[in-house]
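Colleague: I have a structure I would like to understand better, so I am pasting it below and will then ask my questions one at a time.
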Amino acid sequence: MHEISLVQGLLRQLAELAREHQVKAISKVRVEVGPLSGIVIDSFQFGFDVLSAEQELTREALLEIVTPPIHYKCCFCGHVCLSSEGVPGSCPECSHTLLVPEGGDGLILLQVEMV
Amino acid sequence: MCEDCGCASPSHNHKVVDVNQSLLAANDALAAKNREHIEELGAVAINLISSPGSGKTTLLEKTIERLGKELRIGVIEGDIETERDAERIRAKGVPVVQLTTGGACHLDAALVHKGIHALEDQLDDKKLDLLFIENVGNLVCPATFYLGEHQRVVMISVPEGPDKPAKYPKAFIGSQVFMISKTDLLPYFDFSSEMAIKDALQLNPKLLVMSLSATTGDGFDRWLDYLRALCR
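For the record, the sequence lines run as chains L and U.
Reminder that position 35 of the first sequence reads as 853 in our numbering, one-by-one numbering, no gaps.
Reminder that position 208 of the second sequence reads as 483 in our numbering, one-by-one numbering, no gaps.
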């Protein structure tokens, strides 16, 4: 449910960028949502669709959500591997079973296209 | 050809801007100010996160009973509606501010900013040792918002079941302490502490794990020692 608050924050950021670059419309917004960010992507998209339509600046804007894979680091040998399907059962290098996520919780406004 | 996107339109007049800024940048900047304000008061702040009903307010009541004479404690209560939690804390004789979010499922740094000012107004000498921020009962949304706290404590109670760390990873990844509450109910529930702790440590091996019962006082000394050490 906090997705709505985050969309509101995003729209404020977009309004500021539009002022800074002196544009009247935003056509595309690319956002990174990490798999461990605690964000439900459908809710975020829904919130964006509803709230972006309320103002001239973002009415035509498309939201593109990028979900990066998570890096898991082995607590034993330090090897880092990528996984987009949850924590790997064991380290591919040393077979140790304690792997912890590194990052993957990003919520980042990557790129904005303005017209 | 358009210089920005490479599209064929010669008249395509648009700008592509790489921003690379956190969606939480505004919140985090305010949270950093909260942290400064908290430290000006001389306090260490704890953000307490759990589901509704796992015993956050009861933990605070008992903590104030045991530590209230030793440390200057203040509390910021977050709830969607009502003053009920603040009334319970006020009855223990410490300064308290109730923040009602009016529907929002979490506290954010802007709300806590108001809370700290309101709490400061209640302090005669503008000094505190320990500030508890009791978040809105929810294991999901509060985990995303840094409030300016020094330590984050995530709590689950025995009746909730041991699967919470696996189901709500973000709250455990971002915390320093994992607390299991209502341990007096262990004989009546099929709760595997081992499973809960193993799943939590898998997400965050640095978590300090504690368990206690506010009803019997079992495990409470360790919690109080942890708080004393923070305030030293």
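Note that beta-carbon positions come from the ideal geometry of N, C-alpha and C, so glycine has one too.
Model, not experiment: these values are computed from the prediction.
1. Would DSSP call U/H388 helix, strand or coil?
2. Exposed or buried, what is U/P417 when buried is set at 16 or more other beta-carbons lying within 10 Å of its beta-carbon?
3. Would you kindly check if the distance between the Cβ of L/E850 and the Cβ of L/P886 is under 8 Å?
4. So U/Y501 is in the beta strand (DSSP E); what residue range does that whole segment cover?
5. Would you report the Cα separation of L/T915 and L/C909, rounded to the nearest angstrom?
6. Between the beta-carbon of U/V294 and the beta-carbon of L/L928, is there less than 8 Å?
7. Going by C-alpha distance, which of U/K401, U/A441, U/F407 and U/D399 is nearest U/V372?
8. Is it right to say L/C940 is buried, meaning 16 or more other beta carbons lie within 10 angstroms of its own, or is it exposed?
9. For the alpha helix (DSSP H) that L/V868 lies in, which residues bound it at each end?
10. Can you give me the Cβ contacts of L/G924 inside the same chain, cut-off strictly under 8 Å, excluding the 5 residues immediately before and after it?
11. Name, please, each residue of chain L whose Cβ falls closer than 9 Å to the Cβ of U/A301.
12. Going along the segment 369 to 396 of chain U in order, which residues come within less than 8 Å of chain L, judged by CB to CB distance?
13. Would you kindly work out how many angstroms separate the C-alpha atoms of U/I321 and U/N309, rounded to a whole number?
14. Determine the direct distance from the alpha carbon of U/G368 to that of U/H512, and round the result to whole angstroms.
15. State the DSSP-derived secondary structure class of U/L414, mapped to helix, strand or coil.
16. Counting only runs of 3+ residues fully inside the segment 435 to 487 of chain U, write out the beta strand (DSSP E) ranges in chain order.
17. Do the segment 820 to 832 of chain L and the segment 865 to 874 of chain L make contact, defined as three or more Cβ pairs closer than 8 Å?
18. Using a Cβ-Cβ cut-off of less than 8 Å, list which residues of the segment 919 to 932 of chain L approach chain U; keep chain order.
19. Mapping the DSSP letters down to three states, classify U/L405 as helix, strand or coil.
20. Relative to the C-alpha of L/H889, which residue among L/L900, L/V930 and L/E882 is closest?
21. With a cut-off of 8 Å, do at least 3 Cβ pairs link the segment 484 to 496 of chain U to the segment 459 to 466 of chain U?
22. The alpha helix (DSSP H) spanning L/G827 covers which residue range?
23. Checking 8 Å against the spacing of the C-beta atoms, do U/L334 and U/V350 come in under that value?
24. I think U/S468 touches U/P437, with their Cβ atoms under 8 Å apart; what is that distance to the nearest whole Å?
25. Using a Cβ-Cβ distance under 8 Å, would U/D293 count as near chain L?
26. In three-state DSSP terms, what is L/H889?
27. Enumerate in chain order the residues of its own chain whose CB-to-CB distance from U/V484 is below 6 Å, with the five nearest sequence positions on each side excluded.
28. Using a Cβ-Cβ cut-off of less than 8 Å, give me the residues of the segment 854 to 885 of chain L that come near chain U, in sequence order.
29. Is the separation between the beta-carbon of U/G412 and that of U/S326 shorter than 8 Å?
30. Do you know how far the Cα of L/C893 is from the Cα of U/K331?
Modeller: Let me spell this out:
1. helix
2. buried
3. yes
4. U/Y501 -> not in any beta strand (DSSP E); alpha helix (DSSP H) instead, spanning F495 to C506.
5. 6 Å
6. yes
7. U/F407
8. In this structure chain L extends from 819 to 933, so residue 940 of chain L is not present and cannot be described.
9. I859 to S870
10. E850, V851, G852, S855 and P886
11. G827, R830 and Q831
12. A379, C380, H381 and D383
13. 12 Å
14. Because chain U is modelled from 276 through 507, residue 512 of chain U falls outside the range shown and cannot be assessed.
15. coil
16. 452 to 456 and 483 to 486
17. yes
18. P919, D923, G924, L925, I926, L927, L928, Q929, V930, E931 and M932
19. strand
20. L/L900
21. yes
22. E821 to H839
23. no
24. 7 Å
25. yes
26. strand
27. F453 and I472
28. L854, S855, G856 and I857
29. yes
30. 32 Å
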